[in-house]
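Engineer:
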Amino acid sequence: MSAYKRLLAYIEKLESVAVAFSGGVDSTFLAYAVREALGDKAVAITVDSPYIPRWEIDEAKVLAKEIGIRHVILPATIHESIAHNPSNRCYLCKKVIFSSILEEAKRQGVKVVVDGSNVDDTKDYRPGLAALHELNVRSPLMACEWTKEMIRESSKEVGLTTHDKPAYACLLTRLPYDTTITQEELERIEKSEVYLMTLGFRAVRVRSHGQLARIEVARNMRKKLFDEALLDKISHTLKTYGYDYVTIEASGYTMGSFNQQIGK
């Protein structure tokens, strides 16, 4: 039995499923598989919070329609437990967000909530995984031992446009831990990243340190970035968004770069 057939068999046993759907590589592939395995007994639930970029919400809507899965958008606010971006923010956030998804799934008459975590997610600091376990949220891709590479390859095979989509994370990951979160700051970060995307930088982060913006691009895109005219243009634009200083992370994009400070 192929890995994909094993995944479908796992999902079929769940009978009815709600997918926590961000529109990223993993959740899109999982939503596709859930729709194939369960048909109308599947639903995708997307949480629309202030720390999720608008373009991701819009893209999730389009992807759900392409997959043909029923789609629900859940509005959310910045919960008081994460208002100051604590180091266990991901755990606290997942607890709140997935509790709301579980409630919505119940309203939809769905038995099980699943997320797109895969085996590679154990390689970084991911306290949110503990919250999923506590809430009995299933992770079919992890249970069936799928890696990110397998997900991308299979996504391409079935024609999903997300097969080569760069990894993204919520905007809170752009802020140092123990920093007060404001709507204005999140909007400034999102605006800065969208601008850099328009310049051709797909995998990009703008880490925000008060009035200083620290730009990270994919390592293989640094040569494109290190152009004097382009750097001047980027610096000028981000300063119009409210930053006083604009810097470049010389080593390029690093997943969860703020996690390196935990325990120091």
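In our numbering, the protein residues as written are 1 to 264.
Idealized CB from N, CA, C, for every residue including glycine.
1. By the DSSP assignment, the beta strand (DSSP E) with TYR245 in it spans what residues?
2. Please return the same chain residues whose Cβ sits closer than 7 angstroms to the Cβ of ALA37, not counting the five positions on each side in sequence.
3. Can you tell me which of LYS233, VAL72, LEU230 puts its alpha carbon nearest to the alpha carbon of VAL110?
4. Just curious, the beta strand (DSSP E) that GLU216 is in, first and last residue?
5. Among ALA130, VAL114, VAL62, which has the Cα closest to the Cα of ARG285?
6. Ignoring anything shorter than 4 residues, give me the alpha helix (DSSP H) runs that lie fully in the region 76-156, in order along the chain.
7. In terms of residues, what are the limits of the beta strand (DSSP E) holding ALA20?
8. With DSSP as the reference, label THR46 as helix, strand or coil.
9. Taking all protein chains shown into account, decide if LEU230 is buried (16 or more other Cβ within 10 angstroms of its Cβ) or exposed.
10. Taking contact to mean 3 or more Cβ pairs, one atom from each stretch, closer than 8 angstroms, check whether the region 192-207 and the region 233-252 are in contact.
11. For the candidate residues MET221, GLY210, GLU216, whose alpha-carbon lies nearest to that of TYR245?
12. How would you call PRO140, buried or exposed, if buried means at least 16 neighbouring beta carbons within 10 angstroms?
13. Using DSSP's beta-bridge definition, name the partner residues of ARG54.
14. Go to ALA209, then tell me how far its beta strand (DSSP E) extends in each direction, as first and last residue.
15. Here's the rule: buried if 16 or more other CB atoms are within 10 angstroms of the residue's CB, otherwise exposed. What is LEU160?
16. Should the region 20-29 be regarded as contacting the region 165-176, the criterion being three or more beta carbon pairs within less than 8 angstroms?
17. For SER16, I'd like the list of residues in its chain whose CB is within less than 8 angstroms of its CB, leaving aside the five on either flank, ordered along the chain.
18. To the nearest angstrom, how far is it from the Cα of GLY128 to the Cα of THR77?
19. Using a 10 Å radius around the Cβ and a threshold of 16 neighbouring Cβ atoms, would you call THR182 buried or exposed?
20. Between which two residues does the alpha helix (DSSP H) holding ARG174 run?
21. What residue from ILE215, LEU30, ILE189, SER100 has the CA that sits closest to SER117's CA?
22. One question on the structure: do PRO50 and LEU175 come within less than 8 angstroms of each other, judged by their Cβ atoms?
23. Could you compute how far the alpha carbon of ALA18 sits from the alpha carbon of ASP232?
24. Is ILE189 helix, strand or coil by DSSP?
25. Could you pull out every residue in the same chain whose Cβ sits closer than 6 angstroms to the Cβ of SER81, ignoring the five residues on either side in sequence?
Structural biologist: Concretely, from the data shown:
1. Position 245 of the sequence shown, counting from 1, holds the residue named residue 245. Here the beta strand (DSSP E) through TYR245 covers 245-248.
2. Along the sequence shown, one-based indexing puts residue 37 at 37. LEU8, ILE11, GLU12.
3. Here residue 110 refers to the residue found at position 110 of the sequence shown. Looking at the Cα atoms, VAL72 is the closest of the given residues.
4. As a position in the sequence shown, residue 216 is number 216, starting the count at 1. That run of the beta strand (DSSP E) goes 212-217.
5. Beyond the ends of the chain as shown, which are 1 and 264, falls residue 285; an answer cannot be given.
6. 89-107, 128-134, 140-143
7. Stepping through the sequence shown from its first residue, residue 20 is reached at position 20. That run of the beta strand (DSSP E) goes 17-20.
8. Counting from 1 along the sequence shown, the entry for residue 46 is found at position 46. In the structure shown, THR46 sits in a strand (DSSP, three-state: E or B).
9. Counting from one through the sequence shown, the residue named residue 230 turns up at place 230. When all chains shown are included, LEU230 counts as exposed.
10. yes
11. Taking the first residue of the sequence shown as 1, we reach residue 245 at position 245. For TYR245, the nearest C-alpha among the options comes from GLY210.
12. Counted from its first residue, the sequence shown places residue 140 at position 140. PRO140 is buried by the Cβ-count criterion.
13. Translated into positions along the sequence shown, residue 54 becomes position 54. For ARG54, which the question treats as bridged, DSSP gives no partner whatsoever.
14. Here residue 209 corresponds to residue number 209 of the sequence shown, with the count starting at 1. What sits at residue 209 in the sequence shown is His, not Ala. Here the beta strand (DSSP E) through HIS209 covers 204-209.
15. Indexing the sequence shown from 1 puts residue 160 at position 160. Flag for LEU160 reads buried.
16. yes
17. Numbered from its first residue, the sequence shown carries residue 16 at position 16. Closer than 8 angstroms at the Cβ level, and outside the excluded window around SER16, lie LEU38, LYS41, ALA42, GLY109, VAL110, LYS111, VAL112.
18. Residue numbering aside, residue 128 sits at position 128 when the sequence shown is read from its first letter. Residue numbering aside, residue 77 sits at position 77 when the sequence shown is read from its first letter. Distance between the alpha carbons of GLY128 and THR77 is about 18 angstroms.
19. In the sequence shown, residue 182 corresponds to position 182, counting from 1. THR182 comes out exposed.
20. The residue labelled residue 174 in the question sits at position 174 within the sequence shown. Unbroken run through ARG174: none, as it is neither H nor E.
21. Here residue 117 refers to the residue found at position 117 of the sequence shown. Looking at the Cα atoms, LEU30 is the closest of the given residues.
22. Position 50 of the sequence shown, counting from 1, holds the residue named residue 50. Position 175 of the sequence shown, counting from 1, holds the residue named residue 175. Going by C-beta atoms, PRO50 is not nearer than 8 angstroms to LEU175.
23. Within the sequence shown, residue 18 is the residue found at index 18, counting from 1. Within the sequence shown, residue 232 is the residue found at index 232, counting from 1. Answer to the nearest angstrom: the Cα atoms are 46 angstroms apart.
24. Within the sequence shown, residue 189 is the residue found at index 189, counting from 1. Looking at ILE189 - three-state DSSP - the assignment turns out to be helix.
25. Sequence index remark: in the sequence shown, residue 81 carries index 81 (1-based). LEU92, listed in sequence order.
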